[in-house]
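Peer 1: Start counting the sequence shown at 1224; every next residue gets the next number (our numbering).
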Amino acid sequence: MNILVTGGAGYIGSATAEALLRAGHSVTVYDSLVTGHQAAVPQGAQFVHANLDDTHSLGDVLTSNKFDAIMHFAAFIEAGESMKDPGKFFRNNFTNSLQLMEAAIQTGVKRFVFSSTAAVYQSSEEPLTEESTISPTNVYGHTKLMTEQALEWYRSIHGLHFAALRYFNACGALPGRGEAHQPESHLIPRVLQIALWQAESVNIFGTDYPTPDGTCIRDYVHLADLVSAHILALGALETKDRMFYNVGSGNGFSVREVIETARKVTGHAIPAVESPRRPGDSARLVASPKKIMSELGWKPEHTNLQEIISSAWEWHKSNPNGYK
């Protein structure tokens, strides 16, 4: 297949683009490089440096290539920032996604894989299923939900087949691929920066949550497992016209557990500072991945927290400045 990967210079998008190329597909990466890195674009992919709100560039790419599918990873992902600057997130995450759908329909693309999020759900004491209560606690999650809803309408009106993968905390690294955000706010790479003496301490935002140790609990899903889920979903769109899947390990780890495991992996003290809660954070988000396991045969292969952090640590040690 010939596939357009938006956000293909980012953490998950670039790893998926590389896997597509290895599988024999043709790949065009479309990325603004606002948060992505050109060095992360896999060898063998065509690269277009442009923003999705650039209608001229987007139109040129889609009309000059007969794409079989779009895999859409281009979004701002910082939930905390979305509560400070909501307009930035509505414009980029929703408006640009809507424009991409319109362009797909106009140029005959019939398959669309969307990088969604567990942030569409309400916090729950039970593992989250695809039928769990939808109630985003932050603007980031709401923009993803709006995009899912738009995709549903474009499916029913225009026949656009889509898969929305609601994944939980992406983490870990693959050979040559790891997290490199500027500034970094994700917990695992943040604590590893401290172990590399690039930061002094990590903040624990909220210690009074209704969880065993008072800190937020999250499901951590390895990059390799996320990539495999996207590849399977793309293939399933040949026979399915709509899919919503949770992609997670089914295991929940608290902020304190992540920090303590990172201390063991790195041998560094990793000082932690207890801080007030952040707006938009949920107490507990853990997946039930049973649906994607039963329907697509997907299985998380990397569920051990120490293994996950160790893979990230190896990448960060070898790439202390990210892709620069």
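C-beta: ideal position from N, C-alpha, C; glycine also.
Would you report the Cα separation of residue 1530 and residue 1516, rounded to the nearest angstrom?
Peer 2: 22 Å
Peer 1: Between which residues of its own chain and residue 1324 is the CB-CB distance below 8 Å, once the five residues before and five after are set aside?
Peer 2: These residues qualify, in order along the chain: 1335, 1373, 1374, 1377 and 1383.
Peer 1: Give the range of the beta strand (DSSP E) segment to which residue 1390 is assigned.
Peer 2: 1384–1390
Peer 1: Alpha carbons only, please: which of 1417, 1253 and 1450 is nearest the one belonging to residue 1246?
Peer 2: Ranking 1417, 1253 and 1450 by Cα distance to residue 1246 puts 1450 first.
Peer 1: Figure out for me which residue from 1473, 1299, 1508 and 1394 has the closest Cα to the Cα of residue 1485.
Peer 2: 1394
Peer 1: Starting from residue 1453, follow the alpha helix (DSSP H) in both directions and report where the run begins and ends.
Peer 2: 1446–1459
Peer 1: Restricting to Cα atoms, I'd like to know which of 1470, 1406 and 1478 is closest to residue 1514.
Peer 2: With distances taken between Cα atoms, residue 1514 lies closest to 1470.
Peer 1: Residue 1525 to residue 1260, Cα distance in whole Å?
Peer 2: Their Cα atoms are separated by approximately 26 Å.
Peer 1: Tell me residue 1400's beta-bridge partners as DSSP assigns them.
Peer 2: 1397
Peer 1: What are the start and end residues of the alpha helix (DSSP H) that includes residue 1310?
Peer 2: 1309–1312
Peer 1: In its own chain, which residues sit with a C-beta less than 6 Å from the C-beta of residue 1240, not counting the 5 before and 5 after it?
Peer 2: Hits under 6 Å: 1228, 1231, 1250, 1252, 1265 and 1268.
Peer 1: Tell whether a beta-carbon distance below 8 Å holds between residue 1499 and residue 1423.
Peer 2: no
Peer 1: Is residue 1511 helix, strand or coil when you go by DSSP?
Peer 2: coil
Peer 1: If you count every other CB in all the chains shown that lies within 10 Å of the CB of residue 1441, and 16 or more means buried, which is it?
Peer 2: buried
Peer 1: With a Cβ-Cβ cutoff of 8 Å, do residue 1446 and residue 1396 count as a contact?
Peer 2: Going by C-beta atoms, residue 1446 is nearer than 8 Å to residue 1396.
Peer 1: Can the beta-carbon of residue 1327 be found less than 8 Å from the beta-carbon of residue 1546?
Peer 2: Their beta carbons are not under 8 Å apart, which means residue 1327 does not touch residue 1546 by this criterion.
Peer 1: If the criterion is Cβ atoms closer than 8 Å, does the pair residue 1477 and residue 1436 meet it?
Peer 2: yes
Peer 1: What's the call for residue 1521, buried or exposed, on a 16-neighbour Cβ count within 10 Å?
Peer 2: Classification of residue 1521: buried, given that the 10 Å Cβ count is 16 or more.
Peer 1: Extract the residue ranges of the beta strand (DSSP E) inside the region 1257–1302, only unbroken runs of 3 or more that lie entirely within it.
Peer 2: 1269–1272 and 1292–1295
Peer 1: Counting pairs of beta carbons, one from the region 1282–1289 and one from the region 1306–1320, are three or more of them closer than 8 Å?
Peer 2: no
Peer 1: Shortest alpha-carbon distance to residue 1491 belongs to which of 1509, 1271 and 1416?
Peer 2: 1416
Peer 1: In whole angstroms, what is the alpha-carbon distance linking residue 1278 and residue 1391?
Peer 2: Each residue's Cα considered, the two are about 31 Å apart.
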